[in-house]
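To start, the structure itself, in structure tokens.
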Amino acid sequence: DVKELFALTGPGAESLEGFIAGLRKVANEIGAKLKELGYENIGRFVSARLDEYSYNSSPASDFVKDLVNTFPYSFNDQYTVKGIQVCFYKKAQLVAGELYHRFRLEDSRFNFSDG
1 DVKELFALTG PGAESLEGFI AGLRKVANEI GAKLKELGYE NIGRFVSARL DEYSYNSSPA
61 SDFVKDLVNT FPYSFNDQYT VKGIQVCFYK KAQLVAGELY HRFRLEDSRF NFSDG
């Protein structure tokens, strides 16, 4: 049982149930969409997408949009405020930023010109 494996059975564990349910939904969404699109894993998805953007002037922006559109539950954080749609896409931007910092010196596809 997952609750026992991660010691989520003691006092205060109930407060984590919503968080855990959200993580499960993210993992399920990403896994199902990768399978639907024919990718073995998220790394292959990222690699294929970056290959598509290699000649674009805004590869980081395109990658963020792609994450948001492909995995909306996980990355599409937008809200309506006073009738105006406000798009943050914070999680998708963080993914692009982390990939940039980690891989830009090893793989030019991650050295985003708009990063």
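FYI, the working numbering numbers position 76 of the sequence shown as 76, with every residue one higher than the one before it. Note that the Cβ used here is the ideal one computed from N, Cα and C, for glycine as well.
For V46, the closest C-alpha among the options S15, D114 and A92 is that of A92. Counting C-beta atoms within 10 angstroms of its own C-beta, A21 has fewer than 16 neighbours from the protein chains shown and is therefore classed as exposed. Bridge partners of V64 according to DSSP: none are assigned. Taking Y89 as the centre and dropping the five residues before and after it, the same chain places the C-beta of V64, V68, F75 and D77 closer than 7 Å to its C-beta, in chain order. When C-alpha distances from L34 are compared across D107, K82, R102 and T70, the shortest belongs to T70.
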